[in-house]
Amino acid sequence: MVEIRIHGRGGQGNVLAAYLLATAAFLEGQFSQAFPSFGAERRGAPITAFVRIDGSPILRRSQITSPRYLVLADDGILRIPETLAGLSPEGAILVNSPRSPEELRKRLEVEGMTVGPAVRIETIPATRLAMEVLGRPIPNAPLLSAFLSLTGTLSTESLGRAFAGRFSGDLLQKNMSLVASGASLVAQNLWKEPIHA
Amino acid sequence: MREALEGSQAIARAVALCRPQVVAAYPITPQTHIVEGLARLIADGLLAAELVSVESEFSAASVVLGAAAAGSRSYTASASQGILLMSEVLYNISGLRIPVVLTCANRAVSSPVSIWNDHQDSMAVRDSGWIQLHCADNQEAVDTTIQAFRISERTELPVMVCVDGFTLTHTLEPIDLPDAAQVDAFLPPFRFSRTLSSSAPLSQGTLVSPEFFTEMRFLQHEAFARAEKEILSADRDWAGFVGRDCGGLLRVEGDREASVAILAMGSVYGTLKDAHRSGLLGRPVRLLSLRAFRPFPAGAIREATQGLSDLIVLDRSLSPGSGGIVAHEIRSALYGMAKGPRVVNFAVGLGGRNVPGEIFREMLESLEKDPPSFSIFDLDPRKLPDPGLDAATEMPSSGPVLSPR
Amino acid sequence: MTSSDSPSPSLDWSTLRNSQPRFSGMESGHGACQGCGQALATRLVLEAAGPDVIVANATGCLEIFTTPWPQSAWTVPWIHSLFENAAAVAAGIEVALRAQGRTTKVLAFAGDGGTFDIGFQALSGMLERNHEVLFVCFDNEAYMNTGIQRSGSTPHGAWTNTSPAGKVRQGKRHFKKDLLAIIAAHGIPYAATASVAYPSDLRNKVRRALDVSGPSFLLLHSPCPLGWGHDSALTISVDRLAVETGLFPVLEMERGHVVTTMKIRNPRPVREYAEPQFRFRHLLQDTPEAREELEHLQALADANIERYGLLATEPGPRDTEGADTVRRGGSRWG
Chain A
0 MVEIRIHGRG
10 GQGNVLAAYL
20 LATAAFLEGQ
30 FSQAFPSFGA
40 ERRGAPITAF
50 VRIDGSPILR
60 RSQITSPRYL
70 VLADDGILRI
80 PETLAGLSPE
90 GAILVNSPRS
100 PEELRKRLEV
110 EGMTVGPAVR
120 IETIPATRLA
130 MEVLGRPIPN
140 APLLSAFLSL
150 TGTLSTESLG
160 RAFAGRFSGD
170 LLQKNMSLVA
180 SGASLVAQNL
190 WKEPIHA
Chain B
0 MREALEGSQA
10 IARAVALCRP
20 QVVAAYPITP
30 QTHIVEGLAR
40 LIADGLLAAE
50 LVSVESEFSA
60 ASVVLGAAAA
70 GSRSYTASAS
80 QGILLMSEVL
90 YNISGLRIPV
100 VLTCANRAVS
110 SPVSIWNDHQ
120 DSMAVRDSGW
130 IQLHCADNQE
140 AVDTTIQAFR
150 ISERTELPVM
160 VCVDGFTLTH
170 TLEPIDLPDA
180 AQVDAFLPPF
190 RFSRTLSSSA
200 PLSQGTLVSP
210 EFFTEMRFLQ
220 HEAFARAEKE
230 ILSADRDWAG
240 FVGRDCGGLL
250 RVEGDREASV
260 AILAMGSVYG
270 TLKDAHRSGL
280 LGRPVRLLSL
290 RAFRPFPAGA
300 IREATQGLSD
310 LIVLDRSLSP
320 GSGGIVAHEI
330 RSALYGMAKG
340 PRVVNFAVGL
350 GGRNVPGEIF
360 REMLESLEKD
370 PPSFSIFDLD
380 PRKLPDPGLD
390 AATEMPSSGP
400 VLSPR
Chain C
0 MTSSDSPSPS
10 LDWSTLRNSQ
20 PRFSGMESGH
30 GACQGCGQAL
40 ATRLVLEAAG
50 PDVIVANATG
60 CLEIFTTPWP
70 QSAWTVPWIH
80 SLFENAAAVA
90 AGIEVALRAQ
100 GRTTKVLAFA
110 GDGGTFDIGF
120 QALSGMLERN
130 HEVLFVCFDN
140 EAYMNTGIQR
150 SGSTPHGAWT
160 NTSPAGKVRQ
170 GKRHFKKDLL
180 AIIAAHGIPY
190 AATASVAYPS
200 DLRNKVRRAL
210 DVSGPSFLLL
220 HSPCPLGWGH
230 DSALTISVDR
240 LAVETGLFPV
250 LEMERGHVVT
260 TMKIRNPRPV
270 REYAEPQFRF
280 RHLLQDTPEA
290 REELEHLQAL
300 ADANIERYGL
310 LATEPGPRDT
320 EGADTVRRGG
330 SRWG
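Residue numbers (numbering that gives the first Met the number 0), protein chains in the order written: chain A, 0 to 196; chain B, 0 to 404; chain C, 0 to 333.
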């Protein structure tokens, strides 16, 4: 089972991101589950969302406390200690950030937060891409496609189909182009692991 | 058809498949997505129903009361404070024997205010005369919603479908939505035997003196005994259409021969089952998922607990000064049973506290340490206030009893 | 033709009227007190509304005295749910009928407690959502069913068991809630007040209210001999005085604007209204406090007359003297 935790702030579409990932998994014939852990639905408030993907029906409904992957909708959220809590020592973090992974590691050290040496970090400037195409700071499409490309968990085509289930017309086209550009920014299958690990 | 759906959207679609003519609701987290979903289905012309966006839950319940009494299949949904605000009407609907279906997106009750899931709200109205069916997952929420209309209309008792707020309502997962033909074949058009009609005038909700009150209450109580059969037959008949059931009154799984069982109600059962499947429990355990809380299936519980030495009952609500509520009823059901199990009651997950799969093993291990009959298992003593800080303060005195001018 | 003319030499008006069958939505034999204004008002409302109605009744005297199980005085479909939800239950009935394509009219009945106070929220919501429901408030100006306690509708200075007159208090300290202004603020198509002392006017308003499309509201002043402390035989004359003093203005509103008023030809002093009623008796004492409160009450009546332009400049067929010259006629049993 792949367990993914998404951290972000209210208004960034993080819950939708979780739903899109789980939907993409479903469309690929996997079993999946996505749910939020709302603080309260306020813009800017930290929000956590959870995604599970597996080859068989998912029964557990507990929050994901030791995720394999973290997807962070902005790098500011790294300053909150809970963000990194329970991350697998071999885990990986994808951050929406214009900064380099090395820069983020340094920042974390300054904050007194440690990430294990085996934990991989990648960044993509998803907000910038979204602003260029959507005109709104919704990083989901490039961030999720980059995540899928890195992990090889699901195909970015499935993500596109998940977007198509929720959007149409111009907005869908824009998201589709963001899905393509997000995936192109990262090394494919860099983090690849089987779903049934 | 299987779709990846948020629980609330799936419930809304299931409600729509039952063709209600009247939907009335007031927004409250975490119920809102259900009613928003219904509003969209109506706006898109996919459901021909009157949506009454009322000014309070009190009126939501009152509107569906009136609408069903006037002969329309009616639906409402609420949670937490909304259920409590409705409570007077809930008693009334049941006493009037009006068939209505309500989804309770289970949530804690204030104070302290919490928007998160536990079962305090539906427990607060457990004596209101509503059938209460709990759902372990969103598929059960869909299937139970459809069954609920038939159960309600056959028993003339209202049905509350209890679905864990957020944990189920806000979880997206693969759900099999039946098609309209299946639901139409299972659920006949709404018919209420005492429909308000000027061609056959009836007076309902009359004043009942002590001379007759006892008999009225008896009839209401007796209807619940018959409701057990309707719940079972609805689940069986619906399984005939979709090939899956919801466990009837009580689902028994896991290791049938085990001497220890854990009983849960609602979505925690999934985590429990997962822990069992993943070998997290560390020993054979019988798993019980209690679906019907009203009527309380005492007979089924006695049968399901045969041969047990210990029964752990999980409560997601609390009767302060007493303990867990489900366990009380379980103990009452098992009272006098020859070789009945020891019942150990743990409250967990109050106000949405995460219930991880590992907790069940700790519970099982605690059985060796002679645990109290009730405790809050996931209490964190470090978070309790320092008693030294709680210095007594003088209360200001109020005025004299008599203050002649 | 004047009222004394007969249609034929062999038949006088009263015989003709008495021989006409009248729809009775609430039969006699119920348990209301002698001289109950609410029972009379209910009968008049249903006479005018006819049999094709459904009534949602709030908790109160009306519900209690008409339905001691297994008996019921109602010949129309009737449902009582709770105290504070008559408007919402009626709204539910109305949407169900609409969904089913049925044209039966929906009435909600409540006392002043169930309208001004505990039922107000549901009423306001029902009006705002534009349900086609006629909400009838039988206003007897206190919680009579529970034994005479003050409500938001109790007039200033009136005695009740929770606004008693004593050494330092002269009855209710607050004013009667201006519910009509609040109803007007909802901008509903039709709202009116009427008094049981003017039955023709009352019935006309019921018909008009049921004719409009959308919500309508009737405030019916209904004396309670028990709670007001007047002789049961004086129900009509006491309520006439409520109107003739200006304390209870009789009017119609459309979309929040006053369109007709029942003019007062000879305004009576409030003292005359107070005299037969126990609830105002303390205001008639010869003390400065009593005199002051009675003056307040007179000022409130005068303010109503001025605010609604109730004073008649010349006689009219629908003024306080003319309106009840229309004969009420008899009942079915003569």
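Even glycine gets a Cβ: it sits at the ideal position worked out from N, Cα and C.
For clarity, every value in this text was computed on a predicted model and none was experimentally measured.
- Using a Cβ-Cβ distance cut-off of 8 Å, the region 133-141 of chain C and the region 217-237 of chain C are in contact, since at least three pairs of beta carbons, one from each stretch, lie closer than that value.
- Nearest in C-alpha terms to C32(C), of all of L61(C), M25(C), V54(C), S13(C), is L61(C).
- Judged by DSSP in its simplified three-state form, R119(A) adopts strand.
- Membership of H327(B) in any beta strand (DSSP E) is not indicated; the residue belongs instead to the alpha helix (DSSP H) covering 324-333.
- Going by beta carbons, A300(C) and L246(C) fall inside the 8 Å limit.
- Distance from the Cα of V259(B) is smallest, within the candidate group I145(B), A303(B), I27(B), for A303(B).
- DSSP, read as helix, strand or coil, puts N17(C) in helix.
- Around E256(B), no beta-carbon contact reaches into chain A at under 7 Å, the shortest distance being about 22 Å.
- It is roughly 35 Å from the alpha-carbon of I79(A) to the alpha-carbon of S365(B).
- The Cβ atoms of L289(B) and L271(B) do not sit closer than 8 Å to each other.
- Annotated as proximal: F57(B) and N84(C), with beta-carbon spacing under 8 Å.
- Residues of chain B whose Cβ lies closer than 8 Å to the Cβ of A33(A) are, in chain order, T170, L171, E172.
- Secondary structure of T155(A) (DSSP, three-state): helix.
- By the neighbour-count definition (other C-beta atoms within 10 Å, threshold 16), Q19(C) is an exposed residue.
- In the DSSP assignment, C60(C) falls within the unbroken alpha helix (DSSP H) covering 60-65.
- The straight-line gap separating the alpha-carbon atoms of V249(C) and P26(B) is approximately 39 Å.
- By the neighbour-count criterion, in which a residue is buried when 16 or more other Cβ atoms sit within 10 angstroms of its Cβ, P222(C) is buried.
- Against F146(A), chain B offers no close residue; the least beta-carbon distance is about 17 Å (beta-carbon pairs closer than 8 Å).
- Between C245(B) and D136(B), the alpha-carbon positions lie close to 10 Å from each other.
- Taking V258(C) as the centre and dropping the five residues before and after it, the same chain places the C-beta of E251, M252 closer than 7 Å to its C-beta, in chain order.
- Only exposed fits T312(C), as fewer than 16 other CB atoms lie within 10 angstroms of its CB.
- Residues R202, V205, R206 of the same chain have their beta carbon placed closer than 6 Å to that of A47(C), with the five preceding and five following residues left out of the count.
- Not a single C-beta of chain B is nearer than 8 Å to the C-beta of A48(C).
- Using a Cβ-Cβ cut-off of 8 Å, A164(C) does not count as an interface residue toward chain B, since no Cβ of chain B sits closer than that to its own.
- At least one beta carbon of chain B lies nearer than 8 Å to the beta carbon of S61(A).
- C-alpha of S183(A) to C-alpha of L84(B): approximately 54 Å in a straight line.
- In the structure shown, T143(B) adopts helical secondary structure according to DSSP, grouped into three states.
- By the beta-carbon neighbour count (other beta carbons within 10 angstroms, threshold 16), D385(B) is exposed.
- Residue V325(B) holds the alpha-carbon nearest to the alpha-carbon of F345(B) among V325(B), G351(B), D234(B).
- By the criterion of a C-beta distance shorter than 6 Å, V100(B) is surrounded in its chain by Y74, A147, F148, S151, V158, once the five residues flanking it on both sides are discounted.
- Not a single CB atom of chain A sits nearer than 8 Å to the CB of K382(B).
- Assignment of A104(B) by DSSP, reduced to helix, strand and coil, places it in the strand class.
- A check of alpha carbon separations from R317(C) across L96(C), N160(C), A196(C) identifies A196(C) as the nearest.
- Of all alpha-carbon atoms in E93(C), V242(C), H29(C), D200(C), the one lying nearest the alpha-carbon of W73(C) is that of H29(C).
- Here DSSP, grouped into helix, strand and coil, assigns S176(A) to helix.
- For A263(B), the pairing in a beta bridge is given by DSSP as S288(B).
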